[in-house]
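For the sequence shown, counting from 1, position 34 maps to 51 in this note's numbering; every step adds exactly one.
Cβ coordinates follow ideal geometry from the N, Cα and C atoms, glycine included.
First comes the structure, then the notes that go with it.
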Amino acid sequence: MSETPVSYRNAPPALGQHTDEILEEILGMDENERRVLAMKKVV
Numbered sequence: 018m019s020e021t022p023v024s025y026r027n028a029p030p031a032l033g034q035h036t037d038e039i040l041e042e043i044l045g046m047d048e049n050e051r052r053v054l055a056m057k058k059v060v
């Protein structure tokens with residue numbers, strides 16, 4: 018395996034890049050709930 022060339026199709030996501038999508042779509046939080054978490058520096 019050490020001879021196998023490494024290749025990447027896409028760069029990894031940035032830290033926090035999908036946080037709003039996860040909080041909204043998976044956890045069902047509205048904009049106000051997400052804003053409160055951000056103000057408390059939870060996210």
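Test item: CB-CB of residue i and residue j under 7 Å
i          : j           : result
leucine 40 : arginine 52 : no
Limits of the alpha helix (DSSP H) - the one that residue i falls within
i             : result
asparagine 49 : 48-56
Neighbourhood of residue i by C-beta, 7 Å cutoff - its chain only, sequence neighbours within 5 removed
i            : result
threonine 36 : Val60
aspartate 47 : none
Beta-carbon proximity list for residue i, same chain, < 8 Å, skipping 5 on both sides
i            : result
glutamine 34 : none
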